[in-house]
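Numbering (the working numbering), first residue to last: 156 to 388. Where is the CB? At the ideal position from N, CA and C, for every residue including glycine.
Structure, rendered in structure tokens:
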């Protein structure tokens with residue numbers, strides 16, 4: 156038997172829970188001055204060679220040294236929502252770090268502990284709003300980093316030989332990218348990757364006989380909280 160019916164139904168509602176549609180989330184406001192702060196992890200690698208001070212390269216085979224560690228970052232910036240989907244901005248930030256590694260004199264076979272102790276950056280960013288609450292962006296600009304002085308030790312015995320190298324600052328450029336999410340009125344959560352390439356630094360040894368050429372590149376990964384001062388207008 157096959158049947159097709161048309162029926163009128165009356166439902167006796169006995170007071171069960173009533174469900175309402177969720178209120179729409181207001182789009183984030185991206186234009187404004189902001190402050191940011193957070194922490195992260197960094198790694199550096201440096202191409203090194205050794206030469207006679209003021210003279211030619213003696214051991215010209217490039218040796219790559221490296222280091223790693225933690226860092227804290229704080230910054231200030233300004234964003235402008237240029238179009239419904241495009242955000243551009245400028246920023247500056249500073250980090251205190253302890254990215255520890257080694258520097259090597261190839262001629263005397265001696266090495267010392269060296270670390271990046273701080274860095275700064277100034278640049279711009281441009282981003283695309285994947286949703287009104289999520290910004291994907293790229294960055295670029297100018298940067299500088301400070302590396303510590305060292306006390307060199309014999310590479311075989313580990314004993315100090317009285318030779319040191321000074322602390323120094325080197326400058327260069329950076330590029331990177333990340334994503335930022337609006338989490339509350341005025342508050343954003345940022346996750347960012349950055350690659351910085353610095354110029355070669357000639358690091359003299361205290362014996363005034365040899366100089367180490369040190370050209371570092373640093374990669375960092377940070378997570379940050381951002382507060383934006385979104386005044387009306």
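Opposite residue 360 in the DSSP bridges: which residues?
Answer is none; residue 360 lacks a bridge partner.
With a threshold of 16 other CB atoms inside 10 Å of the CB of residue 190, please say whether the residue is buried or exposed.
exposed
Buried or exposed: where does residue 208 fall if 16 or more other Cβ atoms within 10 Å of its Cβ makes it buried?
exposed
Between the CA atoms of residue 210 and residue 372 - distance to the nearest angstrom:
26 Å
Keeping to the same chain, check which residues put their C-beta closer than 7 Å to that of residue 333; ignore five residues upstream and five downstream.
292, 345, 346, 347, 348
Taking the Cβ atom as the reference point for each residue, do residue 325 and residue 351 lie within a distance shorter than 7 Å?
no
With H, G and I counted as helix, E and B as strand and the rest as coil, what does DSSP make of residue 241?
strand
Exposed unless 16 or more other CB atoms sit within 10 angstroms - verdict on residue 294:
buried
CA nearest to the CA of residue 365, picked from 231, 205, 336
205
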